[in-house]
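Just below is one structure, and these are the notes that go with it.
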Amino acid sequence: MRKASTTADSADRRSKAAIAVLIPVSALIVLIGISVGSVGIDFLNTLKIIFTNPQDTSSVIIWGIRMPRVLLAFLTGAAMSVGGAVTQSVLHNPLASPYTLGVSSGASVGAAIVTVLGISLPIAQQMSLAAVGTAFGILTVLVCVAICSRIDKNVGSTTIVLLGMVMSLFLSAVFTLVAGTSKDKMTVLMRWQMGSFGSKGWEPVAVLLVVTVLCVAGTLFCHRELDILSFSDESALSMGVNAAKIKWALLILTAIMTSTAVSFAGVIGFVDLIAPHVARRLFSPKHKYLLVISALIGGSFMVIADLAARTLMSPMELPVGAVTAFIGAPFFAYVYFSRLGIKRRGSHAKR
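Anchor point for the sequence shown: position 195 equals 195 in this note's numbering, and the numbering is continuous, going up by one each time.
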């Protein structure tokens with residue numbers, strides 16, 4: 001008992017130290033992302049421009065182009081990573097992510113409808129795609145959980161995952177059909193779906209910042225319930241936690257974060273798998289630390305991926321989704337086969 005307590009305390013101290021280190025490291029990565037580009041602006045000049053904002057060409061490049069792009073990348077990575085950490089705990093599956101629930105496919109369908117039909121909101125015209133995409137992403141999760149609750153009153157993890165996969169495949173087909181109705185818009189939609197942070201401006205940054213802060217605060221508020229849910233639904237029920245109700249709330253918060261990020265940046269996979277898994281392996285599994293560490297790792301990873309996407313084959317820009325997939329696909333295989341090996345060793349030990 002004492003040994004377990006000592007191990008937990010050590011993990012907590014390690015997590016606190018990690019947060020203290022990751023905050024300045026993340027800030028440094030963001031600054032590097034802002035300073036690197038086709039126009040050479042060194043690191044010190046970048047800092048000077050950020051803090052003094054002189055009215056010159058370099059200032060326009062930093063404040064008007066690079067800074068919103070890099071901040072959007074960081075916020076997208078943070079939102080997706082927190083969503084991934086929550087989904088993995090709620091579904092008791094280290095390979096789960098918000099994409100498993102069809103969130104990205106739902107947001108993609110919403111974005112396709114807005115683009116093809118030319119829908120525009122009168123209040124905020126530039127936010128039309130994000131607003132409709134987010135609404136479709138949330139609606140997808142609501143439909144998924146509503147159907148699950150009818151089939152399985154406890155909203156079982158396996159049922160959610162299977163139905164989410166079915167919804168995702170169906171909505172991907174709907175996206176292709178909607179995109180196919182307009183040859184002119186199809187190229188735009190395909191580029192958007194591959195992921196990009198370029199030419200977005202400050203509005204998406206402001207919207208995603210507010211959404212991410214509120215949703216992360218909501219998930220942190222439920223960190224004790226998440227700790228209990230990560231064991232099993234039975235453990236949650238035995239400790240007086242309404243598993244189905246908490247799952248509803250957490251999955252909806254995850255859907256809001258992820259679908260907003262997807263609507264602005266496109267479908268960028270694997271960051272929501274990599275960041276939470278690394279955070280769990282290296283630091284404390286307690287969610288009050290895990291969510292913050294996942295956000296910092298995921299945000300930094302996305303900035304690095306975007307930096308690679310725009311510099312590796314400059315002046316041509318690679319899709320960010322391709323860069324994250326290049327790293328994420330082998331990582332996914334590693335996690336899957338490691339888990340499979342552990343299960344096999346466990347079954348042999350029982351024999």
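We treat Cβ as the ideally placed atom computed from N, Cα and C, and that holds for glycine.
Problem set entry | Pick from V166, L273 and I297 that is closest to A20, judged by C-alpha positions | For A20, the closest alpha carbon among the candidates V166, L273 and I297 is that of I297.
Exercise. Less than 9 Å separating the beta-carbons of L72 and P204?
Worked result: Yes. Within cutoff.
Problem set entry | Neighbourhood of K200 by C-beta, 7 Å cutoff - its chain only, sequence neighbours within 5 removed | So the qualifying residues of the chain are P68, R69, L72 and F264.
Exercise. Taking three-plus beta-carbon pairs below 8 Å as touching, is the segment 174-189 in contact with the segment 306-324?
Worked result: Touching, no, given that fewer than three Cβ pairs across the two stretches are closer than 8 Å.
For this session: Return the chain-ordered list of same chain residues with a C-beta closer than 8 Å to the C-beta of S58, the five sequence neighbours on each side being excluded.
Result: Around S58: V39, I41, N45 and I49.
For this session: May I have the straight-line CA-CA distance separating F332 from D272, to the nearest angstrom?
Result: Using only the alpha carbons, I get a separation of about 11 Å.
Exercise. What residue does the alpha helix (DSSP H) around Y289 start on, and which one ends it?
Worked result: Unbroken alpha helix (DSSP H) run through Y289: H287 to T311.
For this session: Go ahead and pull the three-state DSSP assignment for M316.
Result: Reduced to three states, the DSSP call for M316 is coil.
Exercise. What residues in its chain sit with their C-beta under 6 Å from that of F175, if we drop five residues either side in the sequence?
Worked result: Cβ within range, chain order: S108, V109 and A112.
Exercise. What first and last residue would you give for the alpha helix (DSSP H) that runs through Q193?
Worked result: Element bounds for Q193: K183 to M194.
Exercise. Taking C-beta to C-beta, are S196 and S105 nearer than 9 Å?
Worked result: Not a contact, by the Cβ cut-off of 9 Å.
Exercise. Roughly how many angstroms lie between the CA atoms of F74 and V292, to the nearest whole one?
Worked result: Whole-angstrom Cα-Cα distance: 13 Å.
For this session: Buried or exposed for V210, please, with buried defined as at least 16 other CB atoms from any protein chain shown within 10 angstroms of its CB.
Result: Under this definition V210 is an exposed residue.
For this session: With a threshold of 16 other CB atoms inside 10 Å of the CB of Q88, please say whether the residue is buried or exposed.
Result: With 16 or more other Cβ atoms within 10 Å, it is buried.
Exercise. What are the start and end residues of each continuous alpha helix (DSSP H) run of 4 or more residues lying completely inside the segment 107-150, in chain order?
Worked result: Along the length of the segment 107-150, whole alpha helix (DSSP H) runs at least 4 residues long do not occur.
Exercise. Around the Cβ of P319, are there at least 16 other Cβ atoms within 10 angstroms (buried) or fewer (exposed)?
Worked result: Buried.
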